[in-house]
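Input: a single structure, listed below in structure tokens.
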Amino acid sequence: MDEYINSENVEVKYSTIKLFIRILSYAFFFIIGAYILLVEINYNEIKDFNKKYVFLFAFSIYLIVVCINKIISNLKNINNKIIVTKDGITVNNTFYNWSKITFPNIISKEKYTSKNGIKYNSDYLTFKHNKQKVEIEIDEYKTNKKKLTAILYSFKKQKTSIHKNIFNELPTFREYIKKDKKIGNEILALCKNNKEELKYFCQSKNSDLETIELIYYLLSEDYAEWNEFLISEFKRIFELSIEENEYDKFLPLLESIIPDDISSNNEIIYFLSNKLKTKNIQSQLLVFDVINDWIDSDSINNYTEIIQDVKYLTRDNNWLIRVKANQFLHTHNLPYKNNWLDSLKYKCYKIHNIFK
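In terms of the working numbering, the sequence shown opens at residue 7 and continues consecutively.
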């Protein structure tokens with residue numbers, strides 16, 4: 007994995023062999039189209055609208071035009087390359103900075119041709135850059151999954167060595183509770199003086215989640231200063247938990263982000279309100295688990311739309327959604343309808359989770 011660790015950059019060029027083979031195949035069909043157009047067609051018959059020759063004429067023109075377009079578009083790719091450096095990744099002249107890249111990975115996707123239904127696997131370089139998902143198919147480059155993974159690992163390791171030195175030595179949340187709480191001020195100062203490193207650490211897959219939980223908890227004590235960062239992280243973790251289907255894994259992180267003034271957090275409430283409207287059951291359940299941290303009984307009446315949405319969900323087809331919706335209404339002293347069968351299911355569900 008460390009074979010590229012001392013390299014300044016690594017260029018992964020477009021495969022000219024694969025490009026040549028593909029252009030050759032298009033050229034073959036181009037020749038067929040040209041042969042039909044120049045040799046096989048009787049143009050006197052076309053004038054008389056002979057269906058056979060009209061069809062052959064149209065087919066050959068179509069074949070020639072498609073092949074020319076394919077050849078030209080493929081020739082444009084000849085200079086395409088992926089360049090990986092300690093500063094970031096450049097894909098076909100588009101630069102992505104490491105500081106804004108999260109979750110770089112090489113994945114395989116099953117694809118199929120719509121015409122004959124043949125299935126095949128294709129490898130992709132994927133990552134998120136400024137919260138936007140980027141996918142680059144790498145099958146046409148002079149590389150493979152194993153080699154490109156090694157390249158990414160080596161350069162990411164160079165870039166992130168400073169992050170490991172700064173934040174990886176911090177205690178976890180449980181360790182912090184057992185220690186002298188004065189260390190909290192030191193951690194806050196460390197975060198304030200190293201905001202880029204903090205952002206990377208919190209978004210890295212290799213970071214200890216309990217340490218991130220502690221960081222969120224401490225930053226929440228100075229919520230006014232860290233408001234923008236915490237809201238951004240809350241949304242990111244919420245989406246990540248749904249995307250990766252890791253509900254229990256990420257819930258403690260969401261619960262550690264605690265607002266000091268509930269009335270000033272309309273952005274999160276608006277975000278949760280929209281998630282409540284989705285048809286995604288996991289997303290709705292996660293909303294019910296965290297929304298009470300952002301709405302209390304004094305402010306609930308300011309959110310009539312949420313109340314109406316929750317009341318609607320008390321009639322949902324999913325029994326667990328119905329239970330959670332009724333629990334929310336009960337918590338805020340709002341009218342609710344308890345279903346004894348749903349309650350029984352929920353008790354069994356909780357017992358099952360304890361022994362799971």
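Glycine included, C-beta positions come from ideal geometry on N, C-alpha and C.
For residue 70, the closest of 37, 81, 316 and 337 by C-alpha to C-alpha distance is 37. Residue 301 and residue 341 have their alpha carbons spaced roughly 17 Å apart. For residue 141, the enclosing beta strand (DSSP E) starts and ends at 138 to 143. Per DSSP, the continuous beta strand (DSSP E) segment holding residue 19 begins and ends at 15 to 19.
Ranked by how close their Cα comes to the Cα of residue 210, the residues 227, 246 and 28 have 246 in first place. Residue burial is scored here from C-beta neighbours: residue 338 has at least 16 other C-beta atoms within 10 angstroms and is therefore classed as buried. Between residue 259 and residue 219, the C-beta spacing is below 8 Å.
One alpha carbon belongs to residue 142, the other to residue 100, and they sit about 12 Å apart.
Here DSSP, grouped into helix, strand and coil, assigns residue 135 to strand.
The C-beta separation of residue 89 from residue 17 comes to about 5 Å, placing the pair in contact by the 8 Å criterion.
Across the structure, residue 83 and residue 65 are spaced so that their CA atoms are roughly 27 Å apart.
In chain order, 190, 193 and 194 place their CB closer than 6 Å to the CB of residue 224, counting only its own chain and leaving out the 5 sequence neighbours on each side. For residue 334 and residue 206, the gap between their C-alpha atoms comes out near 35 Å. Per DSSP, residue 264 lies in no alpha helix (DSSP H) and is assigned neither H nor E.
Per the C-alpha coordinates, the member of 32, 131, 197 and 175 positioned closest to residue 214 is 175. In this structure, the CA atom of residue 350 is about 11 Å from the CA atom of residue 326. Each of 179, 62, 133 and 309 was checked against the Cα of residue 46, and the nearest Cα belongs to 62. Here residue 77 carries a helix assignment [DSSP, helix/strand/coil].
By the neighbour-count definition (other C-beta atoms within 10 Å, threshold 16), residue 27 is an exposed residue. Taking a 10 Å sphere around the C-beta of residue 311, we find fewer than 16 other C-beta atoms and assign the residue as exposed. The shortest CA-to-CA distance from residue 287 to any of 227, 305 and 329 is the one to 329. Taking 8 Å as the cut-off, the beta carbon of residue 240 is found no closer than this to the beta carbon of residue 292.
Annotation: residue 257 to residue 150 spans about 36 Å, alpha carbon to alpha carbon. Restricting attention to 231, 103 and 127, the CA atom closest to the CA of residue 114 is found in 127. Taking the Cα positions, residue 222 is about 31 Å away from residue 91. For residue 354, same chain residues with a beta-carbon under 8 Å away, outside a window of 5 residues either side, do not exist. Here residue 281 is buried, its C-beta having at least 16 other C-beta atoms within 10 Å. In the DSSP assignment, residue 103 falls within the beta strand (DSSP E) that extends over 100 to 103. Closest in alpha carbon position to residue 290, among 253, 68, 78 and 235, is 253. As a beta-bridge residue in DSSP terms, residue 111 pairs with 132.
Cα atoms of residue 230 and residue 278: separation of roughly 20 Å, rounded to the nearest angstrom. Residue range 22 to 41 is occupied by the alpha helix (DSSP H) that includes residue 22. Setting aside the 5 residues that flank it on each side, residue 178 is surrounded in the same chain by 214, 216, 217, 219 and 220, each with a C-beta closer than 8 Å to its C-beta; the list follows chain order. 8 Å or more divides the Cβ of residue 181 from the Cβ of residue 21. Nearest to residue 285 by alpha-carbon distance, out of 315, 43 and 275, is 315.
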